[in-house]
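Enquirer:
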Amino acid sequence: MPRGAAAYEGQGMPTTTVCTHELGKCDRRSLRSQRLLRQALADELNSGQDLSGVTVAALTERAGLTRRTFYTHYRDIPDFIDHVEGEILDELRTRIARISAADLPSLYRNIDALEPAPGSVELLAYLKRDGAVIGALLSPQGDAAFVQRIQAIARETVAERMRNGIFPGVLDTFFDYYLSYVVAAEVGVVQRWFAGGLAESPETMARIMTVIAFVRPGDLYGQPIDINVPAYGMKLMGLNACDPR
Numbered sequence: 001m002p003r004g005a006a007a008y009e010g011q012g013m014p015t016t017t018v019c020t021h022e023l024g025k026c027d028r029r030s031l032r033s034q035r036l037l038r039q040a041l042a043d044e045l046n047s048g049q050d051l052s053g054v055t056v057a058a059l060t061e062r063a064g065l066t067r068r069t070f071y072t073h074y075r076d077i078p079d080f081i082d083h084v085e086g087e088i089l090d091e092l093r094t095r096i097a098r099i100s101a102a103d104l105p106s107l108y109r110n111i112d113a114l115e116p117a118p119g120s121v122e123l124l125a126y127l128k129r130d131g132a133v134i135g136a137l138l139s140p141q142g143d144a145a146f147v148q149r150i151q152a153i154a155r156e157t158v159a160e161r162m163r164n165g166i167f168p169g170v171l172d173t174f175f176d177y178y179l180s181y182v183v184a185a186e187v188g189v190v191q192r193w194f195a196g197g198l199a200e201s202p203e204t205m206a207r208i209m210t211v212i213a214f215v216r217p218g219d220l221y222g223q224p225i226d227i228n229v230p231a232y233g234m235k236l237m238g239l240n241a242c243d244p245r
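The sequence shown runs 1 to 245 under the numbering used here.
Right under this line is the structure:
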């Protein structure tokens, strides 16, 4: 449930159906209303209002809609936020899956050609296209749990693919920590992009995020550090085996 749900307005109203015209026209009207409500949410949060203080009255006034229209689609504010975030997460899951489907040789070829990972431009283009509401939810006034939900679906989507071909010793020692590190780092870069007003193009950000995943700290200073990861994993396995707990 989104942050501060207990503080949201009211008990809501029963969902009703107000469409009595031809179905296509009804669908267009419904989609338009939902788009207006999403934009109203972004405007409300960007005005400085905390998510826990968002009300149906404020949203519908900004959107130029009636409260009845809101309750046609959603039970209450928490239900509305859950729907908005759910739609975003579904879009992200599909796009992240395409990126994770790429194998390492393909990634290396793209990096050598100064090209981004397959699917990364499309992911970032979506984020920018829907940037008003996504940025608002990621802002200090937004839903603190939304970032965690993004990280969770990213982990879920890429975990199995990243396990393929991994050294067994690594898998048993620090794979979970490595996965957490990679996901948190990439999501953090996206948050930084939003905080900077999406100044860079999706194409530029896709290249940054593709390369940054493979950059070692020493690379930036001309002093790369080569680590024997399998040996390190085996060392950790030995330490774990000796742990008296």
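Glycine included, each C-beta is placed from N, C-alpha and C at the ideal position.
Please read these numbers as outputs of a predicted model, since none were measured by experiment.
(1) In the structure shown, what three-state DSSP assignment does S106 receive?
(2) If you run the structure through DSSP and keep just helix, strand and coil, what is Y232?
(3) For R155, which option in L220, A184 and K128 has the closest C-alpha, if you only look at C-alpha atoms?
(4) How many angstroms separate the CA atom of Y181 from the CA atom of R207?
(5) What first and last residue would you give for the alpha helix (DSSP H) that runs through T157?
(6) Which whole-angstrom value describes the C-beta separation of V133 and R38, a residue pair presumed to lie in contact below a C-beta threshold of 8 Å?
(7) Tell me where the alpha helix (DSSP H) around V252 begins and ends.
(8) Tell me the rounded alpha-carbon separation between R35 and K235.
(9) Near Y126, what residues of its chain come up, given a Cβ to Cβ distance below 7 Å and the 5 sequence neighbours on each side ignored?
(10) If distances are taken between C-alpha atoms only, which option among M205, I81 and R62 comes closest to G188?
(11) For a test of the three-state rule: what should DSSP assign to D226, helix, strand or coil?
(12) If you reduce the DSSP assignment to three classes, tell me which class G48 lands in.
(13) Candidates V121, G119, R161 and V190: which alpha carbon is nearest I150's?
(14) I'd like to check one pair, L107 with A117: are the Cβ atoms closer than 8 Å?
(15) P230 to D176, Cα distance in whole Å?
Expert: Per the coordinate set shown:
(1) helix
(2) helix
(3) A184
(4) 19 Å
(5) A144 to R163
(6) 5 Å
(7) Residue 252 lies beyond the stretch modelled for the chain, which goes from 1 to 245, so this question has no answer here.
(8) 54 Å
(9) E91 and R95
(10) M205
(11) coil
(12) coil
(13) V190
(14) yes
(15) 15 Å
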